[in-house]
Amino acid sequence: MTDEEWIRLFEACAIPNAAFHHGEHVRTAFLYLSRYPAPEALERFSTSLLRFARAHGRPERYNETITWAYLFLIRERMARSAGRQSWPEFARGNGDLLDWTDSILTKYYRPETLTSELAKRVFLFPDKF
18 MTDEEWIRLF EACAIPNAAF HHGEHVRTAF LYLSRYPAPE ALERFSTSLL
68 RFARAHGRPE RYNETITWAY LFLIRERMAR SAGRQSWPEF ARGNGDLLDW
118 TDSILTKYYR PETLTSELAK RVFLFPDKF
């Protein structure tokens, strides 16, 4: 499946929820950041992800802090790479962003912050220093 087909299916909420795990979240965010300026990618991806969660009956799973934090980390890694990378190249060089069980966000956030109702609704700045 091409990247364009993937985005189209994601935006149409046509990807089965069971096939959309953390790695697919990161890939999709990477694709948005590859196509749009960062502010537009942030808005488009966040809106589409919330719509996806609602369409699959899981709106409570959307977390704006986690979504935005990953987008910011992905964007930084993309900017630091030499030239434009494909998704497979990016994934190979950034395995820490793909590891959900040992999430990179635990370096920046306290667990109670990430699971809070406020973090689900609005982006919270890191609180672990």
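In the numbering used here, the protein residues as written are 18 to 146. Glycine included, every Cβ here is placed at the ideal spot set by N, Cα and C. Nothing here was measured: the structure is a model prediction, and the numbers come from that model.
Contact between Arg44 and Trp104 holds, since their C-beta atoms are separated by about 6 angstroms, short of 8 angstroms. Secondary structure of Lys145 (DSSP, three-state): coil. Here Ala70 is near Glu77, since their CB atoms are less than 9 angstroms apart.
Within its own chain, the residues whose Cβ lies closer than 8 angstroms to the Cβ of Met95, once the five positions on either side in sequence are excluded, are Phe47, Leu50, Ser51, Gln102 and Phe107, listed in chain order.
DSSP places Ser51 within a helical segment (H, G or I) once states are collapsed to three.
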